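Visitor:
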Amino acid sequence: MRGRACRAGLAEKYDAACEEDGCMIEKKAGDYMKKRHRLRKLLGILFVILLLAAAGAAAYFGIRGYDMYRTATEQESIAERVEEIRSMEHFTYYEELADFYIDAVISAEDHRFESHPGIDVIAICRAAWTDLRTLSFKEGGSTITQQLAKNMLFSQEKSIDRKVAEVFAALALEADYSKKEIFELYVNTLYFGSGYYGIYEAAEGYFDKLPAELTDYEAAMLAGIPNAPSVYSPDENGELAMQRTEQVLSCMVRNACITQEEAEKIQMH
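Here the sequence shown is numbered in full-length UniProt numbering, starting from 1 and rising by one per residue.
1) Please identify the residue among 107, 92, 179, 65 whose C-alpha is closest to the C-alpha of residue 117.
2) Identify whether residue 93 lies in helix, strand or coil by the three-state DSSP scheme.
3) Between residue 212 and the rest of its own chain, which residues show a CB-CB distance below 7 Å, the 5 nearest in sequence each way excluded?
4) Do residue 173 and residue 226 come within 7 Å of each other at the CB atom, strictly closer than that value?
5) Return helix, strand or coil for residue 191, following the three-state DSSP convention.
6) If you draw a straight line from the alpha carbon of residue 271 to that of residue 201, how long is it in whole angstroms?
7) Nearest CA to the CA of residue 245: which residue from 254, 255, 234?
8) Taking the Cβ atom as the reference point for each residue, do residue 100 and residue 208 lie within a distance shorter than 7 Å?
9) Comparing C-alpha positions only, which one of 59, 36, 75, 88 sits nearest to residue 198?
10) Is it buried or exposed, residue 176, if we count other Cβ atoms within 10 angstroms and call 16 or more buried?
11) Consult DSSP for residue 69 and reduce its assignment to one of helix, strand or coil.
12) As an exercise, report each continuous alpha helix (DSSP H) stretch of at least 4 residues that is fully enclosed by the stretch 138–180, in chain order.
13) Count the other CB atoms within 10 Å of the CB of residue 266; is the residue buried (16 or more) or exposed (fewer)?
14) Any idea what DSSP makes of residue 196, helix, strand or coil?
15) Going by CA-CA distance only, name the one from 243, 186, 261 that's closest to residue 106.
Next comes the structure, spelled out in structure tokens:
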């Protein structure tokens, strides 16, 4: 009898302990769910704050950028600036450019040039992400049209205001001019280093040729110089100019303008 009573007592204590442990587990689970709920709520609030901040920043810089664009075009309209460029002594029309040069420039600078409306959202997002990761403002993500807008209307200073102003100007250019017109205006406003402005001066100055007479290698070299004229000018840095030319040819291979075998043959010029 005493053994049974002992076992019964132990069973009761065990049940009580289990019940107590169960309550503790339920309490801990409840506390965990409450903390998780609070964390979700906090993250939700933080997301809304960030979203509002981003919207506010977009509105702020959008207004400032548009004001810069409007000020620039009030001083001189896009149409007036285009006519000035076209009146240059050695203005080179699209039909006077070597086909290889056209493909090289588009491959190196803006391979979606033919399809985008003046801005390349994919390139902009990629550049913005790179800038955020590196805490710099080096990646532009600018299209050929945006670069033309910068060369025509704005200074070379890097700022968010100017980048936004470029967008407005690029959209205006695309609305009024064809891709061929935009491209020819672009290559006539580029700086190629060594004092050469525009494709005509560059072809004549570096190779004593007209733009249409350039070899494939020469065309690829000229396509790569404007990215950093003081660095890639063959008069200043022959080795770097060659390396940049190889980069341009690699871009052309990636964009299926030429094959790898053709690129290697061109490099042997």
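Glycine residues also receive a C-beta, built at the ideal position from the N, C-alpha and C atoms.
Note that the coordinates shown come from a computational prediction; the quantities given were computed from them, not determined experimentally.
Guide: To lay it out plainly:
1) 179
2) coil
3) 96, 97, 98
4) no
5) strand
6) Given a span of 1 to 269 for the chain in the structure shown, any question on residue 271 remains unanswerable.
7) 234
8) In this structure, residue 208 does not lie closer than 7 Å to residue 100 by Cβ.
9) Of the listed residues, the one whose Cα sits closest to residue 198 is 88.
10) exposed
11) helix
12) Runs found: 144–153, 160–176.
13) Result: buried.
14) coil
15) For the residues 243, 186, 261, the minimum Cα distance to residue 106 belongs to 186.
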